[in-house]
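Some notes on the structure that comes next.
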Amino acid sequence: MEKIRRFRDICMDHKLWLGLLLLSDTVFGLFLWLADIRAFRELAGMFFLFSLLLFAAAAACTYRREVRQSKLVPEYLGSPDEEMEEQLCRCLSAGERRHIRLAAQLLCQKEERIKEQVIRLEEYETFIETWAHEVKTPLALMTLVLDNRRNEIGPDIHKRLEYARNQMHGFIEQILFYARLKAVHKDYLLEKVSVAESVGEVLDEYEMLIHEAGFHIEADISDEQVVTDKKSLCFILSQIMGNSIKYTRTEEIRPELSVTLRRSGSDRKLVLEIEDNGTGIKETDLPFIFDKGFSGDAGGQRKKSSGMGLYLAAQIAGELKIGLDAHSVYKKGTRITLVL
């Protein structure tokens, strides 16, 4: 059926030539009729039949040539070598050969530029990943000094340095997890992980900021375990809780953070809910909070947001088959739900 349709399309594309053939037959038939009406009656039908057969033969040759072209042209443009070019040129006209060679030349130039950009991008990514790993050493030293020399540093300065350390640690983790997402081979370590223990580790990480902001923490977590990558789960939780701590309304009410773990009613899956009473998210921004680089309208805090935290959390959650959803009411709070 496809062949018939293609042959019909070729005939329609060249209908002008069929019209010219029939027109020439009509003219010669008219001359024959004027010269000898008896010969006209005998030969007129043969003129038209011969023209139709001639057109059908030409269309068949064109069809076979186009079939070969449809196979050879993509192969040649994908890998333009001399052997493929020679095969293709046999079924092309002189004008078509010039166009194909020009297209192949432009594609080769574009491919070379793409290869150069890929090499530069890989070198840049390697440099960033190496830098992220190397900067962990001075960051660990900073942590050691803050822990061991607490009595020698003023409380206000200590809080500011601790905040800066936590911020640096969070940004470095984002870089490393972003690189991890783009890697061909993922190094996820799937094992039984305690949800309560993971939540506790993230809360300990933000202990200084939670205490400084005066958060009231309410945790209702049973001792349940899930099979997942613990480091990735903690990263997801840290991005969610970090936003809860960042977008608070301390000048209006006491900030609260509620963490609840329950079983869903139908399929009995573990559902982890993290809810705060912070600034919330505008209804127009809510569908896009997991998009790359989206920071939304968060007032003065918008300038401090990279828009990468929830994007990375959503990407990692997708790879680990963790359901991630958000519900928020502006100026009242946000609830993030993880289905484990």
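For the sequence shown, the residue numbers in full-length UniProt numbering are 1 to 340. Positions of the beta carbon are idealized from the N, C-alpha and C atoms, including for glycine.
Environment of residue i [buried if 16+ CB atoms lie within 10 Å]
| i | result |
| --- | --- |
| Pro255 | buried |
| Lys303 | For Lys303, the pLDDT reaches just 49, beneath the cut-off of 50, and the residue's location in the model is therefore unreliable, although a value from the coordinates is still provided. Classification of Lys303: exposed, given that the 10 Å Cβ count is below 16. |
| Gly309 | buried |
| residue 353 | Here the chain covers residues 1 to 340 and nothing more, so residue 353 does not appear. |
| Ser264 | exposed |
| Tyr206 | buried |
| residue 364 | Nothing can be reported for residue 364, as the shown portion of the chain is limited to 1 through 340. |
| Ile119 | exposed |
| Leu257 | buried |
| Ile114 | exposed |
| Glu116 | exposed |
| Ala94 | exposed |
| Ile37 | exposed |
| residue 344 | Because the chain in this structure spans residues 1 to 340, residue 344 falls outside the shown range and cannot be described. |
Residue i - containing alpha helix (DSSP H), residue span
| i | result |
| --- | --- |
| Ser238 | 230-246 |
| residue 368 | With the chain represented from 1 up to 340, any question about residue 368 goes unanswered, as that position is not in the structure. |
| Lys182 | 155-182 |
| Ile210 | 207-213 |
| Glu319 | 309-319 |
Candidates the options, of which the one nearest residue i by Cα
| i | options | result |
| --- | --- | --- |
| Leu270 | Arg262, Asp276, Ile172 | Arg262 |
| Ile245 | His327, Ile274, Ser264, Leu190 | Ile274 |
| Gly307 | Gly333, Asn277, Ile240, Glu123 | Ile240 |
| Asn243 | Ala59, Gln167, Thr130 | Gln167 |
| Gly333 | Ile322, Gly280, Pro287, Ile316 | Gly280 |
| Tyr178 | Ala104, Ala313, Ala57, Ile336 | Ala313 |
| Gly238 | Leu107, Gly154, Lys110, Ile210 | With the sequence shown as reference, residue 238 is identified as Ser, and Gly is not the correct amino acid for it. It is Ile210 whose Cα lies nearest to the Cα of Ser238. |
| Lys15 | Ala56, Ile37, Ala35 | Ala56 |
| Glu252 | Gly214, Tyr163, Leu43 | Gly214 |
| residue 375 | Ser70, Ile316, Phe50 | Outside the shown range of the chain (1 to 340) lies residue 375, about which nothing can therefore be said. |
| Leu23 | Cys61, Glu111, Leu52 | Leu52 |
| Leu161 | Gly323, Met142, Trp33 | Met142 |
Other residues of its chain near residue i: CB distance less than 8 Å, five sequence neighbours each side excluded
| i | result |
| --- | --- |
| Tyr311 | Phe290, Asp291, Lys292, Gly293, Phe294 |
| Glu139 | Rather than Glu, the amino acid found at residue 139 in this sequence is Leu. Cβ within range, chain order: Arg165, Met168, His169, Ile172. |
| Trp17 | Phe55, Ala58 |
| Thr129 | The sequence shown places Glu at residue 129, rather than the Thr named in the question. Same-chain partners within the cutoff: Ile175, Leu176, Ala179. |
Close beta carbons around residue i, own chain, < 6 Å, minus the five adjacent residues each side
| i | result |
| --- | --- |
| Thr228 | Val193, Leu320 |
| Pro176 | Correcting the residue type first, residue 176 is Leu in the shown sequence and not Pro. So the qualifying residues of the chain are Ala132. |
Residue i - containing beta strand (DSSP E), residue span
| i | result |
| --- | --- |
| Leu270 | 270-276 |
| Glu256 | 256-263 |
| Val135 | Looking at the DSSP string, Val135 is not in any beta strand (DSSP E), and its letter there is neither H nor E. |
| Gly323 | 323-329 |
| Ile217 | 216-220 |
| Leu190 | 190-194 |
Close-in-space but distant-in-sequence residues of the same chain around residue i (CB under 7 Å, 5 per side omitted)
| i | result |
| --- | --- |
| Gly278 | Ser244, Tyr247, Thr248, Arg249, Pro255, Gly333, Thr334 |
| Phe28 | Phe47 |
| Val135 | Ile172 |
| Asp325 | Thr337 |
| Thr226 | Residue identity check: residue 226 is Val in the sequence provided, not Thr. Around Val226: Val193, Val195, Leu270, Leu340. |
| Leu272 | Val195, Leu261, Leu338, Leu340 |
| Glu158 | The residue you asked about is not Glu; residue 158 is His in the sequence shown. Answer for His158: Leu146, Arg150, listed in chain order. |
| Glu212 | Lys159 |
Proximity test, residue i beta-carbon vs the ligand GTP heavy atom, cut-off 7 Å
| i | result |
| --- | --- |
| Asn148 | Among the components modelled here there is no ligand, and therefore nothing to report on the ligand GTP. |
Q: Determine contact between the stretch 176-183 and the stretch 210-224, defined as no fewer than three beta-carbon pairs at a distance below 8 Å.
A: no
Q. Counting pairs of Cβ atoms below 8 Å between the stretch 228-244 and the stretch 195-202, do you hit three or more?
A. yes
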